[in-house]
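Down below is the structure, laid out as structure tokens.
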């Protein structure tokens, strides 16, 4: 392998890590969970490094402390957990819906109550946040 091929391979790995970092960062922002609650201590440093340093095509290699492949594996695991948690969100939504229906039957006629699912804040606090915290956050 010549020097140029080696640099291209390193830069491809860097681009992969950066791309996955921005994707996972966006998903974490959407579900409202901070990165430091999800990543290991070693990987959180890589997370912020890649988030703040997009790839540059300048024929040079950017050296990074630590094993980037371990970081990429952790990114893949977190990404998988984010995606597979969607099923848990749906299941939890159905459970909360049935609980809310039984509550509303008791108060039927006394108060006009809006459905919990009509309020974004209620959906987030009752379903989305608890599910993603349970599936993603480190113990």
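Residue numbers (the working numbering): 233 to 371.
We treat Cβ as the ideally placed atom computed from N, Cα and C, and that holds for glycine.
- Query: By Cβ distance below 8 Å, which residues in the same chain neighbour residue 296 in space, the five residues on each side in sequence not counted?
  - Reply: 246, 278 and 281
- Task: Compute the Euclidean distance between the alpha carbons of residue 264 and residue 335, then round it to the nearest angstrom.
- Result: 28 Å
- Message: Restricting to Cα atoms, I'd like to know which of 370, 369 and 328 is closest to residue 183.
- Response: The shown model of the chain, from 233 to 371, leaves out residue 183, and the question about it has no answer.
- Measuring alpha carbon to alpha carbon, tell me which of 283, 287 and 309 ends up nearest residue 272. 309
- Message: Using CA atoms only, rank isn't needed, just tell me which of 311, 240, 317 and 347 is closest to residue 267.
- Response: 311
- Which residues mark the beginning and the end of the alpha helix (DSSP H) in which residue 362 is found? 361 to 368
- Within the same chain, show all residues whose beta-carbon is closer than 8 Å to that of residue 289, passing over the 5 residues directly before and after it, in chain order. 243
- Message: Using a Cβ-Cβ cutoff of less than 7 Å, which residues in the same chain neighbour residue 302 once the five nearest sequence positions on both sides are dropped?
- Response: none
- Taking buried to mean at least 16 other C-beta atoms within 10 Å of its own C-beta, is residue 291 buried or exposed? exposed
- Task: Taking only the alpha-carbon atoms, compute the straight-line gap between residue 361 and residue 254 and give it to the nearest angstrom.
- Result: 21 Å
- Do you know how far the Cα of residue 363 is from the Cα of residue 256? 17 Å
- Check each candidate in 248, 318, 275 and 286 and name the one with the smallest Cα separation from residue 298. 275
- Task: Please check if any C-beta of chain B sits within less than 8 Å of the C-beta of residue 369.
- Result: This model lacks chain B altogether, as it is built from one protein chain only.
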